[in-house]
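Colleague:
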Amino acid sequence: MQAIIPLARMVSGLYLAGLLFVLLFVGNPLKFVDDPQFVSAYKTVEPGLHVGLFAGLAFLVAASQFRVPFMVQAGLLTSLAAISELVQIWLPNRTPRMGCFVEDIIGLAIGAIAWFIFLDLLTTLNRVRRG
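Residue numbers (the numbering used here): 863 to 993.
(1) At the level of alpha carbons, what is the spacing between Arg956 and Ile979?
(2) Along the chain, where does the alpha helix (DSSP H) containing Val901 start, and where does it finish?
(3) Tell me whether Leu919 is buried or exposed, calling it buried when 16 or more other Cβ atoms sit within 10 Å of its Cβ.
(4) Taking contact to mean at least 3 C-beta pairs separated by less than 8 Å, is the region 970 to 985 in contact with the region 920 to 929?
(5) Across the region 961 to 969 and the region 907 to 916, are there enough close Cβ pairs to call them in contact, namely three or more that are closer than 8 Å?
(6) For the alpha helix (DSSP H) containing Gln935, list its first residue and its last residue.
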C-alpha cells in the first residue's frame, strides 16, 4: 500500500489541475451548439459529469493519504467546489449554479465512501491471503 502513495499523490495533482482547467475554462457547450439532440443529451449527462469528476478527485485525494485530518480534507474539497462555481461569475461562457455545487458535493461523498470501501476490501483480502 505504501508504494502506491507517491503515485496516487502525483495522479491526484494532475487530476486536480485537469479538473480545474475543465471547470474554469471549458465553456458551456449549450451556448455554441443549437442541435436539439445534443442539447437533450448534454442535459441528461451533465449532472453525472459533475458527480463523476468530483468523485474521482475525492477518491484520489483519499488514496494519497496526505497527513491532513479527513474533515480538513473534506472542508478543502468542499471549498474547491464552492470556489469553482463562484469564479464562474467572471468567466465568459460559464454560469454558476447551485445545482452544480450540490452535484460536486455528492461526487465528493461518493468518492470518499468508495475509498473507504476499497480500503476495507484490501484489508480483508490481505487477511485472507495471510490465512
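For glycine and all other residues, C-beta sits at the position ideal for the given N, C-alpha and C. In this text, all values refer to a predicted model and were calculated from it rather than measured experimentally.
Modeller: So, from the data block:
(1) 35 Å
(2) 898 to 926
(3) buried
(4) yes
(5) yes
(6) 932 to 948
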